[in-house]
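Quick note on the UniProt record's numbering: the sequence shown kicks off at 1 and runs consecutively. Glycine included, C-beta positions come from ideal geometry on N, C-alpha and C.
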Amino acid sequence: KSVQTSLLRRRLGIRAAFEVLSLYRDLTSRTRDQTACVDCDTFIKVLEKVKLDVYCRLAIIERARCCSSSGGVISAELFQKLFDELDKDPVRQHPPQPVYQSRCLQVLQIIGSHRYFDYLGNVVALANLLSICVVLMVDAEKSGSDRDDFSLGAINFFFILYYVLEMALKVFSLGMKNYVSYPSNVFDGVLTVILTVLEVATLAIYKFPHPGWMPDMQGLLSLWEMVRLVNMFIVFRFLRIIPNMKVMALVAGTVLDLVKNLRAFAGILVVVYYVFAIIGIDLFKGVIPNPGNVSSSDEGSGNGTSPCGSFEQLEYWPNNFDDFAAALVTLWDVMVVNNWQVFLEAYARYSSPWSKLYFVAWWLVSSVVWVNLFVALILENFIHKWDRSYRDSALSPAQQVEYHMTVQLMFREDLEEPTDEELLDRLYHHPHLHLSR
(Lines of atoms letter the chains of each structure in order from A; the text may use other names.)
(Lines give C-alpha, C1' and ligand atoms only; values in the text may rest on other atoms or scores of the structure.)
Protein backbone atom coordinates (compact mmCIF):
# COMPACT_ATOMS: atom_id res chain seq x y z
CA LYS A 1 0.00 0.00 0.00
CA SER A 2 2.81 2.43 0.81
CA VAL A 3 4.45 1.70 -2.56
CA GLN A 4 1.13 2.32 -4.32
CA THR A 5 0.78 5.61 -2.43
CA SER A 6 4.33 6.57 -3.40
CA LEU A 7 3.54 5.92 -7.08
CA LEU A 8 0.36 7.98 -6.78
CA ARG A 9 2.24 10.92 -5.27
CA ARG A 10 4.79 10.76 -8.06
CA ARG A 11 2.16 10.68 -10.81
CA LEU A 12 0.23 13.44 -9.05
CA GLY A 13 3.25 15.71 -8.86
CA ILE A 14 4.08 15.18 -12.54
CA ARG A 15 0.48 15.84 -13.56
CA ALA A 16 0.40 19.00 -11.42
CA ALA A 17 3.50 20.27 -13.21
CA PHE A 18 1.83 19.50 -16.55
CA GLU A 19 -1.34 21.39 -15.58
CA VAL A 20 0.62 24.45 -14.45
CA LEU A 21 2.70 24.55 -17.65
CA SER A 22 -0.42 23.95 -19.73
CA LEU A 23 -2.18 26.84 -18.01
CA TYR A 24 0.86 29.02 -18.66
CA ARG A 25 0.66 28.14 -22.37
CA ASP A 26 -3.01 29.10 -22.49
CA LEU A 27 -2.28 32.45 -20.85
CA THR A 28 0.64 33.34 -23.13
CA SER A 29 -0.81 31.97 -26.37
CA ARG A 30 -3.62 33.57 -28.33
CA THR A 31 -4.99 30.25 -29.50
CA ARG A 32 -6.74 27.95 -27.08
CA ASP A 33 -6.56 24.22 -27.84
CA GLN A 34 -9.27 21.80 -26.87
CA THR A 35 -6.65 19.32 -25.64
CA ALA A 36 -4.28 20.33 -22.85
CA CYS A 37 -0.65 20.36 -23.89
CA VAL A 38 2.68 21.94 -22.97
CA ASP A 39 5.16 23.80 -25.16
CA CYS A 40 8.33 21.79 -25.55
CA ASP A 41 10.53 24.91 -25.38
CA THR A 42 8.85 26.10 -22.17
CA PHE A 43 9.22 22.66 -20.62
CA ILE A 44 12.93 22.57 -21.46
CA LYS A 45 13.50 26.05 -20.00
CA VAL A 46 11.81 25.03 -16.75
CA LEU A 47 13.66 21.71 -16.63
CA GLU A 48 17.02 23.45 -16.94
CA LYS A 49 16.30 25.30 -13.69
CA VAL A 50 15.22 22.18 -11.77
CA LYS A 51 17.68 20.53 -9.39
CA LEU A 52 18.19 17.22 -11.14
CA ASP A 53 21.00 14.86 -12.09
CA VAL A 54 22.68 16.07 -15.24
CA TYR A 55 22.29 12.81 -17.14
CA CYS A 56 18.57 12.60 -16.23
CA ARG A 57 17.98 16.18 -17.36
CA LEU A 58 19.76 15.63 -20.66
CA ALA A 59 17.91 12.35 -21.27
CA ILE A 60 14.50 13.95 -20.61
CA ILE A 61 15.30 16.95 -22.83
CA GLU A 62 16.51 14.74 -25.67
CA ARG A 63 13.45 12.51 -25.46
CA ALA A 64 11.12 15.53 -25.28
CA ARG A 65 12.59 16.97 -28.45
CA CYS A 66 12.34 13.65 -30.27
CA CYS A 67 8.85 12.71 -29.13
CA SER A 68 7.09 16.06 -29.24
CA SER A 69 4.60 16.50 -32.06
CA SER A 70 5.23 18.62 -35.13
CA GLY A 71 3.79 21.64 -33.38
CA GLY A 72 6.38 21.42 -30.61
CA VAL A 73 3.89 20.46 -27.90
CA ILE A 74 3.79 17.64 -25.35
CA SER A 75 0.62 15.78 -24.39
CA ALA A 76 -0.25 14.68 -20.86
CA GLU A 77 0.50 11.02 -21.59
CA LEU A 78 3.89 11.82 -23.11
CA PHE A 79 4.65 14.19 -20.21
CA GLN A 80 4.25 11.30 -17.75
CA LYS A 81 6.40 8.97 -19.87
CA LEU A 82 9.21 11.52 -20.07
CA PHE A 83 9.87 11.16 -16.36
CA ASP A 84 10.38 7.40 -16.66
CA GLU A 85 13.94 8.42 -17.51
CA LEU A 86 14.46 8.98 -13.78
CA ASP A 87 14.48 5.19 -13.28
CA LYS A 88 17.15 4.54 -15.90
CA ASP A 89 20.85 4.22 -15.27
CA PRO A 90 23.13 6.54 -17.23
CA VAL A 91 24.70 5.04 -20.31
CA ARG A 92 28.41 5.44 -19.77
CA GLN A 93 30.56 5.68 -22.84
CA HIS A 94 34.12 4.59 -22.25
CA PRO A 95 36.93 6.78 -23.62
CA PRO A 96 38.54 5.52 -26.84
CA GLN A 97 41.56 3.28 -26.71
CA PRO A 98 44.94 4.65 -27.81
CA VAL A 99 46.05 3.95 -31.38
CA TYR A 100 49.50 2.46 -31.98
CA GLN A 101 51.27 2.31 -35.32
CA SER A 102 53.71 -0.48 -34.54
CA ARG A 103 52.48 -3.98 -35.33
CA CYS A 104 54.08 -5.36 -32.17
CA LEU A 105 52.34 -2.78 -30.01
CA GLN A 106 49.04 -3.51 -31.72
CA VAL A 107 49.41 -7.20 -30.88
CA LEU A 108 50.10 -6.33 -27.23
CA GLN A 109 47.06 -4.07 -27.23
CA ILE A 110 44.84 -6.85 -28.59
CA ILE A 111 46.13 -9.24 -25.92
CA GLY A 112 45.69 -6.79 -23.05
CA SER A 113 42.16 -5.74 -24.06
CA HIS A 114 40.84 -9.22 -24.89
CA ARG A 115 38.32 -10.79 -22.52
CA TYR A 116 40.37 -13.99 -22.37
CA PHE A 117 43.11 -11.97 -20.70
CA ASP A 118 40.63 -11.19 -17.91
CA TYR A 119 39.80 -14.89 -17.66
CA LEU A 120 43.50 -15.65 -17.34
CA GLY A 121 43.75 -13.10 -14.53
CA ASN A 122 40.87 -14.80 -12.71
CA VAL A 123 42.57 -18.19 -13.06
CA VAL A 124 45.83 -16.75 -11.72
CA ALA A 125 44.00 -15.15 -8.78
CA LEU A 126 42.36 -18.50 -8.00
CA ALA A 127 45.72 -20.29 -8.23
CA ASN A 128 47.24 -17.70 -5.89
CA LEU A 129 44.46 -18.23 -3.36
CA LEU A 130 44.73 -22.02 -3.53
CA SER A 131 48.51 -21.96 -3.13
CA ILE A 132 48.21 -19.78 -0.03
CA CYS A 133 45.63 -22.17 1.44
CA VAL A 134 47.87 -25.18 0.78
CA VAL A 135 50.92 -23.56 2.39
CA LEU A 136 48.92 -22.45 5.43
CA MET A 137 47.47 -25.95 5.87
CA VAL A 138 50.93 -27.53 5.65
CA ASP A 139 52.34 -25.09 8.23
CA ALA A 140 49.28 -25.24 10.50
CA GLU A 141 50.83 -27.78 12.88
CA LYS A 142 54.20 -26.04 13.04
CA SER A 143 55.16 -23.61 15.78
CA GLY A 144 56.37 -20.12 15.04
CA SER A 145 60.04 -21.05 15.44
CA ASP A 146 59.76 -24.05 13.10
CA ARG A 147 57.80 -22.23 10.40
CA ASP A 148 59.68 -21.24 7.23
CA ASP A 149 58.22 -18.16 5.53
CA PHE A 150 60.14 -18.79 2.32
CA SER A 151 57.25 -20.53 0.53
CA LEU A 152 54.66 -17.85 1.23
CA GLY A 153 57.15 -15.07 0.56
CA ALA A 154 58.18 -16.52 -2.81
CA ILE A 155 54.58 -17.24 -3.84
CA ASN A 156 53.45 -13.72 -2.97
CA PHE A 157 56.41 -12.16 -4.76
CA PHE A 158 55.85 -13.90 -8.09
CA PHE A 159 52.07 -13.51 -8.07
CA ILE A 160 52.30 -9.82 -7.20
CA LEU A 161 54.81 -9.42 -10.02
CA TYR A 162 52.23 -10.91 -12.38
CA TYR A 163 49.55 -8.55 -11.05
CA VAL A 164 51.79 -5.56 -11.73
CA LEU A 165 52.53 -6.74 -15.27
CA GLU A 166 48.83 -7.41 -15.85
CA MET A 167 47.90 -3.93 -14.69
CA ALA A 168 50.63 -2.33 -16.81
CA LEU A 169 49.50 -4.23 -19.92
CA LYS A 170 45.87 -3.22 -19.36
CA VAL A 171 46.79 0.44 -18.90
CA PHE A 172 48.92 0.25 -22.05
CA SER A 173 46.13 -1.42 -24.05
CA LEU A 174 43.14 0.59 -22.85
CA GLY A 175 44.73 3.89 -21.93
CA MET A 176 44.57 5.39 -18.45
CA LYS A 177 41.17 7.09 -18.91
CA ASN A 178 39.60 3.98 -20.42
CA TYR A 179 41.18 1.79 -17.73
CA VAL A 180 39.75 3.77 -14.80
CA SER A 181 36.32 3.98 -16.47
CA TYR A 182 35.73 0.32 -15.48
CA PRO A 183 35.01 -0.18 -11.74
CA SER A 184 36.56 -3.65 -11.83
CA ASN A 185 39.82 -2.20 -13.15
CA VAL A 186 39.82 0.46 -10.42
CA PHE A 187 39.31 -2.28 -7.81
CA ASP A 188 42.15 -4.33 -9.28
CA GLY A 189 44.41 -1.32 -9.65
CA VAL A 190 43.99 -0.09 -6.07
CA LEU A 191 44.65 -3.54 -4.60
CA THR A 192 47.61 -4.09 -6.93
CA VAL A 193 49.17 -0.79 -5.83
CA ILE A 194 48.63 -1.71 -2.16
CA LEU A 195 50.13 -5.17 -2.68
CA THR A 196 53.10 -3.68 -4.54
CA VAL A 197 53.79 -1.18 -1.75
CA LEU A 198 53.61 -3.92 0.89
CA GLU A 199 55.85 -6.24 -1.11
CA VAL A 200 58.44 -3.50 -1.75
CA ALA A 201 58.40 -2.65 1.96
CA THR A 202 58.87 -6.34 2.83
CA LEU A 203 61.81 -6.68 0.43
CA ALA A 204 63.37 -3.45 1.68
CA ILE A 205 63.15 -4.49 5.33
CA TYR A 206 63.55 -8.28 5.25
CA LYS A 207 65.36 -8.77 1.90
CA PHE A 208 64.49 -11.29 -0.83
CA PRO A 209 62.89 -14.63 0.22
CA HIS A 210 65.28 -17.55 0.63
CA PRO A 211 65.19 -20.96 2.38
CA GLY A 212 65.22 -20.51 6.14
CA TRP A 213 63.83 -16.99 5.75
CA MET A 214 62.92 -16.05 9.35
CA PRO A 215 64.56 -12.70 10.13
CA ASP A 216 64.05 -10.88 13.40
CA MET A 217 61.31 -8.28 13.65
CA GLN A 218 62.22 -4.88 12.29
CA GLY A 219 59.97 -1.84 12.18
CA LEU A 220 56.29 -1.92 13.09
CA LEU A 221 55.40 -5.36 11.71
CA SER A 222 57.16 -8.69 11.78
CA LEU A 223 57.73 -10.68 8.61
CA TRP A 224 54.85 -13.02 9.42
CA GLU A 225 52.50 -10.07 9.99
CA MET A 226 53.58 -8.49 6.69
CA VAL A 227 52.92 -11.77 4.86
CA ARG A 228 49.51 -12.13 6.52
CA LEU A 229 48.61 -8.58 5.51
CA VAL A 230 49.58 -9.30 1.91
CA ASN A 231 47.52 -12.51 1.98
CA MET A 232 44.49 -10.59 3.22
CA PHE A 233 44.59 -8.18 0.27
CA ILE A 234 45.13 -11.11 -2.12
CA VAL A 235 41.92 -12.67 -0.81
CA PHE A 236 40.11 -9.36 -1.38
CA ARG A 237 41.48 -9.21 -4.91
CA PHE A 238 39.89 -12.57 -5.67
CA LEU A 239 36.50 -10.81 -5.48
CA ARG A 240 37.22 -9.58 -9.01
CA ILE A 241 35.61 -12.77 -10.34
CA ILE A 242 32.14 -11.64 -9.18
CA PRO A 243 31.28 -9.54 -12.29
CA ASN A 244 32.38 -12.41 -14.56
CA MET A 245 30.01 -14.97 -13.03
CA LYS A 246 26.37 -14.37 -13.86
CA VAL A 247 24.79 -15.72 -10.68
CA MET A 248 27.32 -14.05 -8.38
CA ALA A 249 26.95 -10.78 -10.30
CA LEU A 250 23.18 -10.93 -9.83
CA VAL A 251 23.57 -11.59 -6.10
CA ALA A 252 26.05 -8.73 -5.72
CA GLY A 253 23.77 -6.43 -7.73
CA THR A 254 20.83 -7.41 -5.54
CA VAL A 255 22.76 -6.49 -2.39
CA LEU A 256 23.81 -3.13 -3.85
CA ASP A 257 20.24 -2.35 -4.90
CA LEU A 258 19.01 -3.18 -1.41
CA VAL A 259 21.44 -0.68 0.08
CA LYS A 260 19.90 2.00 -2.14
CA ASN A 261 16.34 1.12 -1.14
CA LEU A 262 16.68 0.44 2.58
CA ARG A 263 15.49 3.90 3.59
CA ALA A 264 11.84 2.87 3.78
CA PHE A 265 12.58 -0.26 5.81
CA ALA A 266 15.05 1.58 8.04
CA GLY A 267 12.45 4.29 8.62
CA ILE A 268 9.86 1.72 9.67
CA LEU A 269 12.35 0.08 12.03
CA VAL A 270 13.29 3.42 13.60
CA VAL A 271 9.62 4.26 14.22
CA VAL A 272 8.96 0.83 15.76
CA TYR A 273 12.07 1.17 17.94
CA TYR A 274 10.92 4.58 19.13
CA VAL A 275 7.38 3.43 19.95
CA PHE A 276 8.49 0.31 21.84
CA ALA A 277 11.21 2.25 23.69
CA ILE A 278 8.71 4.86 24.93
CA ILE A 279 6.24 2.16 25.98
CA GLY A 280 9.04 0.22 27.70
CA ILE A 281 10.13 3.29 29.67
CA ASP A 282 6.55 3.87 30.84
CA LEU A 283 6.13 0.25 31.90
CA PHE A 284 9.52 -0.82 33.23
CA LYS A 285 11.42 2.28 34.36
CA GLY A 286 13.16 1.45 37.65
CA VAL A 287 11.98 -2.17 37.60
CA ILE A 288 15.47 -3.67 37.30
CA PRO A 289 17.23 -2.97 40.64
CA ASN A 290 20.83 -1.97 41.15
CA PRO A 291 23.06 -5.09 41.27
CA GLY A 292 24.26 -4.14 44.76
CA ASN A 293 20.69 -4.04 46.07
CA VAL A 294 19.71 -7.53 44.90
CA SER A 295 19.22 -9.96 47.77
CA SER A 296 20.16 -13.62 47.68
CA SER A 297 16.49 -14.60 47.61
CA ASP A 298 15.99 -12.49 44.48
CA GLU A 299 18.94 -14.22 42.90
CA GLY A 300 17.30 -17.59 43.30
CA SER A 301 19.46 -19.35 45.90
CA GLY A 302 20.35 -19.08 49.51
CA ASN A 303 24.10 -18.77 49.13
CA GLY A 304 23.97 -15.74 46.78
CA THR A 305 24.83 -17.75 43.68
CA SER A 306 22.58 -17.10 40.67
CA PRO A 307 21.33 -19.98 38.52
CA CYS A 308 23.37 -20.60 35.41
CA GLY A 309 21.96 -18.75 32.41
CA SER A 310 19.83 -16.39 34.48
CA PHE A 311 19.61 -12.62 34.08
CA GLU A 312 21.77 -12.10 37.17
CA GLN A 313 24.41 -14.71 36.31
CA LEU A 314 24.81 -13.29 32.78
CA GLU A 315 25.09 -9.78 34.28
CA TYR A 316 22.50 -8.22 32.01
CA TRP A 317 21.99 -5.36 34.46
CA PRO A 318 22.64 -2.59 31.88
CA ASN A 319 19.66 -3.91 29.88
CA ASN A 320 16.93 -1.84 31.45
CA PHE A 321 14.41 0.87 30.58
CA ASP A 322 15.63 3.56 32.95
CA ASP A 323 16.35 5.98 30.07
CA PHE A 324 15.83 6.18 26.32
CA ALA A 325 19.36 5.09 25.35
CA ALA A 326 19.24 2.06 27.65
CA ALA A 327 15.81 1.17 26.25
CA LEU A 328 17.16 1.18 22.69
CA VAL A 329 20.09 -1.03 23.71
CA THR A 330 17.75 -3.44 25.49
CA LEU A 331 15.45 -3.69 22.48
CA TRP A 332 18.44 -4.28 20.22
CA ASP A 333 19.73 -7.07 22.47
CA VAL A 334 16.32 -8.72 22.57
CA MET A 335 16.20 -8.51 18.78
CA VAL A 336 19.63 -9.98 17.97
CA VAL A 337 20.67 -11.98 21.07
CA ASN A 338 19.51 -15.59 21.32
CA ASN A 339 18.82 -15.21 25.05
CA TRP A 340 15.72 -13.08 24.58
CA GLN A 341 13.78 -15.46 26.85
CA VAL A 342 16.16 -14.50 29.69
CA PHE A 343 14.91 -10.91 29.48
CA LEU A 344 11.33 -12.14 29.37
CA GLU A 345 11.74 -14.26 32.52
CA ALA A 346 13.65 -11.57 34.45
CA TYR A 347 11.17 -8.78 33.77
CA ALA A 348 8.29 -11.11 34.59
CA ARG A 349 9.97 -11.84 37.93
CA TYR A 350 10.86 -8.24 38.79
CA SER A 351 7.62 -6.63 37.56
CA SER A 352 4.62 -8.70 36.46
CA PRO A 353 3.97 -11.83 34.40
CA TRP A 354 2.01 -9.61 32.00
CA SER A 355 5.31 -8.06 30.92
CA LYS A 356 5.86 -11.16 28.79
CA LEU A 357 3.30 -9.80 26.34
CA TYR A 358 5.52 -6.77 25.69
CA PHE A 359 8.64 -8.81 24.94
CA VAL A 360 6.77 -11.39 22.86
CA ALA A 361 5.20 -8.57 20.82
CA TRP A 362 8.61 -6.96 20.26
CA TRP A 363 10.18 -10.27 19.26
CA LEU A 364 7.38 -10.97 16.78
CA VAL A 365 7.61 -7.51 15.22
CA SER A 366 11.40 -7.25 15.05
CA SER A 367 12.68 -10.79 14.60
CA VAL A 368 9.79 -12.32 12.67
CA VAL A 369 7.77 -9.74 10.76
CA TRP A 370 10.52 -7.27 9.86
CA VAL A 371 13.13 -9.93 9.05
CA ASN A 372 10.66 -11.81 6.85
CA LEU A 373 9.82 -8.60 5.01
CA PHE A 374 13.52 -8.01 4.45
CA VAL A 375 14.03 -11.54 3.13
CA ALA A 376 10.98 -11.16 0.88
CA LEU A 377 12.47 -7.96 -0.56
CA ILE A 378 15.75 -9.75 -1.26
CA LEU A 379 13.99 -12.63 -3.03
CA GLU A 380 11.72 -10.32 -5.03
CA ASN A 381 14.68 -8.20 -6.09
CA PHE A 382 16.74 -11.23 -7.10
CA ILE A 383 13.90 -12.86 -9.06
CA HIS A 384 13.21 -9.57 -10.85
CA LYS A 385 16.85 -9.15 -11.84
CA TRP A 386 17.13 -12.83 -12.85
CA ASP A 387 14.08 -12.62 -15.14
CA ARG A 388 15.29 -9.37 -16.64
CA SER A 389 18.76 -10.78 -17.30
CA TYR A 390 17.27 -13.65 -19.31
CA ARG A 391 14.93 -11.30 -21.13
CA ASP A 392 17.74 -8.90 -22.03
CA SER A 393 20.04 -11.72 -23.14
CA ALA A 394 17.91 -12.08 -26.28
CA LEU A 395 18.34 -8.39 -27.13
CA SER A 396 21.25 -6.65 -28.74
CA PRO A 397 23.45 -4.45 -26.54
CA ALA A 398 21.93 -1.35 -28.16
CA GLN A 399 18.42 -2.47 -27.15
CA GLN A 400 19.28 -3.24 -23.55
CA VAL A 401 18.37 -0.51 -21.07
CA GLU A 402 19.51 -0.55 -17.45
CA TYR A 403 17.13 0.66 -14.74
CA HIS A 404 17.62 1.64 -11.12
CA MET A 405 16.13 -1.10 -8.93
CA THR A 406 13.67 1.18 -7.15
CA VAL A 407 10.93 -0.21 -4.93
CA GLN A 408 8.28 1.05 -7.36
CA LEU A 409 9.96 -0.69 -10.28
CA MET A 410 10.28 -3.96 -8.37
CA PHE A 411 6.53 -4.12 -7.71
CA ARG A 412 5.44 -2.39 -10.93
CA GLU A 413 3.48 -5.45 -12.10
CA ASP A 414 1.44 -5.42 -8.89
CA LEU A 415 0.85 -1.66 -8.85
CA GLU A 416 -2.16 0.04 -10.38
CA GLU A 417 -1.53 3.14 -12.45
CA PRO A 418 -3.81 6.03 -11.40
CA THR A 419 -6.22 7.25 -14.08
CA ASP A 420 -6.29 10.80 -15.42
CA GLU A 421 -9.70 11.34 -13.83
CA GLU A 422 -8.35 10.36 -10.41
CA LEU A 423 -5.32 12.62 -10.76
CA LEU A 424 -7.37 15.60 -11.94
CA ASP A 425 -9.93 15.11 -9.18
CA ARG A 426 -7.19 15.19 -6.55
CA LEU A 427 -5.61 18.27 -8.14
CA TYR A 428 -8.92 20.16 -8.28
CA HIS A 429 -9.45 19.52 -4.57
CA HIS A 430 -5.86 20.31 -3.59
CA PRO A 431 -5.80 23.15 -1.01
CA HIS A 432 -2.68 24.82 -2.42
CA LEU A 433 -3.31 24.45 -6.16
CA HIS A 434 -6.08 26.30 -7.97
CA LEU A 435 -6.74 25.22 -11.55
CA SER A 436 -9.11 27.15 -13.77
CA ARG A 437 -9.45 24.42 -16.38
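Assuming contact is defined by CB atoms lying nearer than 8 Å, are residue i and residue j in contact in what I supplied?
| i | j | result |
| --- | --- | --- |
| Trp363 | Trp340 | yes |
| Ile160 | Leu195 | yes |
| Phe321 | Thr330 | yes |
| Leu377 | Leu258 | yes |
| Val171 | Tyr179 | yes |
| Ile234 | Leu129 | yes |
| Val334 | Phe374 | no |
| Ala76 | Phe18 | yes |
| residue 516 | Ala168 | Since the first residue shown for the chain is 1 and the last is 437, residue 516 is missing from the structure and cannot be characterised. |
| Leu47 | Ile60 | yes |
By alpha-carbon positions, which one of the options ends up nearest to residue i?
| i | options | result |
| --- | --- | --- |
| Val247 | Leu12, Lys385, Phe18 | Lys385 |
| Phe284 | Leu229, Val337, Gly253, Phe343 | Phe343 |
| Asp39 | Pro418, Lys177, Gln101, Tyr24 | Tyr24 |
| Val230 | Asn338, Phe18, Ala252, Leu203 | Leu203 |
| Leu198 | Leu239, Tyr162, Asn156 | Asn156 |
| Thr35 | Val73, Glu416, Leu120 | Val73 |
| Gln97 | Ser75, Gln109, Arg426 | Gln109 |
| Tyr274 | Ala327, Met176, Arg263, Arg65 | Ala327 |
| Thr42 | Phe374, Leu256, Leu120, Asp26 | Asp26 |
| Glu166 | Asp188, Cys308, Gly153 | Asp188 |
| Phe276 | Val138, Leu357, Gln80 | Leu357 |
Expressed to the nearest angstrom, what Euclidean distance is found between the alpha-carbon atoms of residue i and residue j?
| i | j | result |
| --- | --- | --- |
| residue 509 | Ile288 | The structure shown does not extend to residue 509, since the chain spans only 1 to 437, so no value can be given for it. |
| Ser181 | Met226 | 31 Å |
| Ser151 | Leu250 | 37 Å |
| Met232 | Pro183 | 21 Å |
| Ser6 | Asn381 | 18 Å |
| Ala16 | Leu52 | 18 Å |
| Asn122 | Ala266 | 37 Å |
| Val365 | Leu12 | 33 Å |
| Pro353 | Ala346 | 10 Å |
| Glu62 | Ile14 | 18 Å |
| Ser113 | Val107 | 10 Å |
| Ile281 | Val336 | 20 Å |
| Ser29 | Asp87 | 33 Å |
| Met176 | Ala252 | 27 Å |
| Val369 | Arg263 | 17 Å |
| Ala127 | Thr254 | 28 Å |
| Asn338 | Leu379 | 25 Å |
Could you pull the start and end residues of the alpha helix (DSSP H) that residue i belongs to?
| i | result |
| --- | --- |
| Asp188 | 183-206 |
| Ala325 | 324-336 |
| Leu262 | Premise fails: Leu262 is in no alpha helix (DSSP H) and is neither H nor E. |
| Met137 | 115-138 |
| Asn178 | 176-180 |
What I want to know is whether the C-beta of residue i ends up closer than 7 Å to one or more non-hydrogen atoms of the ligand ATP.
| i | result |
| --- | --- |
| Ile194 | No copy of the ligand ATP appears in this structure; indeed no ligand is present at all. |
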